[in-house]
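>
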Amino acid sequence: MLTDHIFKLGISVLENLKFYPENIRRNLDLLRGLNMGEAVMIELAKRGVGRQEAHELVRTAAMKAHDTGQHFKQVLLDTPSVSRYLSAGDIENLVNPDRYIGTAVEQVEGLIVKLREAYSL
Numbered sequence: 001m002l003t004d005h006i007f008k009l010g011i012s013v014l015e016n017l018k019f020y021p022e023n024i025r026r027n028l029d030l031l032r033g034l035n036m037g038e039a040v041m042i043e044l045a046k047r048g049v050g051r052q053e054a055h056e057l058v059r060t061a062a063m064k065a066h067d068t069g070q071h072f073k074q075v076l077l078d079t080p081s082v083s084r085y086l087s088a089g090d091i092e093n094l095v096n097p098d099r100y101i102g103t104a105v106e107q108v109e110g111l112i113v114k115l116r117e118a119y120s121l
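Counting in full-length UniProt numbering, the final residue of the sequence shown is number 121, and the numbers go up one at a time with none missing.
1) State buried or exposed for F19, treating a residue as buried only when at least 16 other CB atoms are found within 10 Å of its CB.
2) How many whole angstroms separate the CB atoms of A61 and L76, which I take to be in contact at a CB cut-off of 8 Å?
3) Helix, strand or coil: which one does DSSP assign to H71?
4) Roughly how far, in whole angstroms, is the beta-carbon of R32 from the beta-carbon of A65, given that I think they are within contact range, below 8 Å?
5) Tell me, to the nearest whole angstrom, how far the beta carbon of V13 is from that of L94; I am working on the premise that it is less than 8 Å.
6) State yes or no: is the C-beta of V82 nearer than 7 Å to some heavy atom of the ligand PLP?
7) Report back the beta-carbon spacing between K114 and I91 to the nearest angstrom; my notes put them in contact at under 8 Å.
8) Can you name, in chain order, every residue of its own chain whose Cβ lies under 6 Å from the Cβ of V82, other than the five neighbours on each side?
9) So, using beta-carbon positions, are L28 and P97 closer together than 8 Å?
10) How should G37 be labelled, buried or exposed, when 16 other C-beta atoms within 10 angstroms of its C-beta is the threshold for buried?
So, in structure tokens, the structure goes:
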């Protein structure tokens, strides 16, 4: 009974959830690309950079962007050890949050499995 109530409450929350794209964009822009470090690190690793080295390259670039107020993309473009593996177009795509979904698909699929198990669906 309580589980049913929680489930219905969750559905109600989701049905009434409102998104404000202009606020989302403004908040993303405030981060100056720093939220996209994971995407850059993963791509560097795919291109043959060791995971530890990729992590250090991204960490160093992120710290420089933070300390100088530059956009993360610009710091990456200006870092030869990054641009050796990633073109300007690659970097542009990697720091574009509109093109990155991360693990969202896996998270949703996992939730669906759990809900089906919990509710015998």
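Using N, Cα and C, we set each Cβ at its ideal position, and we do this for glycine too. For clarity, every value in this text was computed on a predicted model and none was experimentally measured.
Put simply:
1) Your numbering for residue 19 matches position 19 in the sequence shown. Its Cβ having fewer than 16 others within 10 Å, F19 is exposed.
2) What you label residue 61 is simply residue 61 of the sequence shown in a count that begins at 1. What you label residue 76 is simply residue 76 of the sequence shown in a count that begins at 1. Correct: roughly 5 Å between the Cβ atoms.
3) Residue mapping note: residue 71 aligns to position 71 of the sequence shown, counting from 1. Three-state result, H71: coil.
4) On the sequence shown, position 32 is the one that residue 32 refers to. On the sequence shown, position 65 is the one that residue 65 refers to. Correct: roughly 6 Å between the Cβ atoms.
5) On the sequence shown, position 13 is the one that residue 13 refers to. On the sequence shown, position 94 is the one that residue 94 refers to. In fact, because the Cβ distance is near 33 Å, the residues do not count as touching under 8 Å.
6) Only the bare structure without any ligand can be found here, which leaves the ligand PLP out of the picture.
7) Within the sequence shown, numbered from 1, the residue matching residue 114 stands at position 114. Within the sequence shown, numbered from 1, the residue matching residue 91 stands at position 91. Not a contact, Cβ separation roughly 37 Å.
8) Looking up residue 82 in the sequence shown gives position 82. Result list for V82: L57 and L76, in chain order.
9) On the sequence shown, position 28 is the one that residue 28 refers to. On the sequence shown, position 97 is the one that residue 97 refers to. Cβ distance < 8 Å, so L28 and P97 count as in contact.
10) The sequence position of residue 37 within the sequence shown is 37, counting from 1. By the neighbour-count rule (16 or more Cβ atoms within 10 Å), G37 is buried.
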